[in-house]
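*Asks:*
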Ligand SMILES: [Zn+2]
Ligand SMILES: [Zn+2]
């Protein structure tokens, strides 16, 4: 049973940075169109989010920061951080509704009517308690994990965006009810600079952060190897009651900001595995969020294929969205990945 909700409102279009900026809501609109063209919404239920209260937002953000975003939202100029996340008029409301979509996804899963809920408008994993970062204003990933703790004692976050989930990690660093797994490109000077294997959480959260840093050039084969060797056994051991998947499309082989090399086939393999894990260990409870993705066409195809898989409607009509090939890592890159896998196994002591 793949009872699937798709959280959507046209207000999502408002969260799109102007001019030269790479983050555009075109990805979301293209995905919706690809799904509509395939009659997906005969099988997937569209649900509209309502803005959450500021009190809920304060679970992961300080009152001062929320006030700052409101102020910049009225002013409509400058940046919310050091220069990555521009302010525009209405950015507070635009960010809030997208974060609210992820909270809606959680509520639907809690309610039990749906076992899968998708918010491609979400996945802002760089936002911190007191500041915006990397195009992210509010961190919906950490927020719904925190909110989810009221209903579930074990939650797993699997983040396959091409960048390290630094905001989520920081906000949940000492949390032992949420297992945080991030696969990302890692290289000197590459944003955000964190996410090495030795960042494992602190206090009672120690061991609940698992970073899988991958070298530039990682193709489908190397990515899947790391996934099979680390993520699968870790989830099998942990048996989460809910899995939250952050499906940033920027691990794609010709994303302009990230040099990982996944094809649509690699993405589908990973999403299929996560979907199966959710059914095997989490009573099917799976929330899929969006994330980065700066090759808009590819990101829309990745999300559409992933959604079809999760909703159990994947067929030939989705096959046409695939790249004509899978990608391979060089021997040099594979050796780096294998040595990273060994280091992670040692640090987190499993085999
Ligand atoms: Zn399913
Ligand atoms: Zn990213």
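Residue numbers (full-length UniProt numbering): 1 to 351. Think of the CB as a built atom: it goes at the ideal place given N, C-alpha and C, for glycine as much as any other residue.
Could you give the C-beta distance for residue 101 and residue 248, rounded to a whole number, given that I count them as a contact under 8 angstroms?
*Replies:* Contact flag wrong, Cβ pair sits at about 16 angstroms.
*Asks:* Assess, as a yes-or-no matter, whether the region 212 to 221 is touched by the region 126 to 144 under the definition of 3 or more beta carbon pairs within less than 8 angstroms.
*Replies:* No, the region 126 to 144 does not touch the region 212 to 221.
*Asks:* Tell me, which residues are paired with residue 182 by DSSP?
*Replies:* 159, 211
*Asks:* Is it buried or exposed, residue 169, if we count other Cβ atoms within 10 angstroms and call 16 or more buried?
*Replies:* buried
*Asks:* Where do the N-terminal and C-terminal ends of the alpha helix (DSSP H) with residue 133 fall, by residue?
*Replies:* No alpha helix (DSSP H) holds residue 133; DSSP gives it neither H nor E.
*Asks:* Can you confirm whether the region 116 to 132 touches the region 2 to 9 when touching is taken to mean that 3 or more C-beta pairs between the two stretches lie within less than 8 angstroms?
*Replies:* Verdict: yes, contact present.
*Asks:* Taking the beta carbon of residue 275 as the centre, do at least 16 other beta carbons fall within 10 Å, making it buried, or is it exposed?
*Replies:* buried
*Asks:* With the cut-off set at 8 angstroms, would you say residue 106 and residue 76 are in Cβ contact?
*Replies:* no
*Asks:* Assuming the contact rule is C-beta atoms closer than 8 angstroms, residue 99 and residue 52 should be a hit. Round their C-beta distance to whole Å, please.
*Replies:* 7 angstroms
*Asks:* Give me the Cα-Cα distance between residue 206 and residue 36, rounded to the nearest whole angstrom.
*Replies:* 44 angstroms
*Asks:* Quick one: does the C-beta of residue 312 sit closer than 7 angstroms to a heavy atom of ligand 2?
*Replies:* No, since every heavy atom of ligand 2 falls outside the 7 angstroms radius drawn around the Cβ of residue 312.
*Asks:* Look at the Cβ atom of residue 177, then the Cβ atom of residue 153, and state whether they are nearer than 8 angstroms.
*Replies:* yes
*Asks:* For ligand 2, which residues count as neighbours when the test is a C-beta closer than 5 angstroms to any heavy atom?
*Replies:* Listed by chain position, these are 161, 162, 163, 248, 250, 292.
*Asks:* According to DSSP, residue 6 sits in a beta bridge with which residue or residues?
*Replies:* Answer is 46, 118, bridged to residue 6.
*Asks:* Using the Cα positions of residue 303 and residue 160, report the straight-line distance between them to the nearest angstrom.
*Replies:* 12 angstroms
*Asks:* Quick check: what's the CA-CA separation for residue 173 versus residue 96?
*Replies:* 24 angstroms
*Asks:* If you check the beta carbons only, do residue 385 and residue 182 fall under 8 angstroms apart?
*Replies:* Residue 385 lies beyond the residue range present for the chain, which begins at 1 and ends at 351; the question has no answer from this structure.
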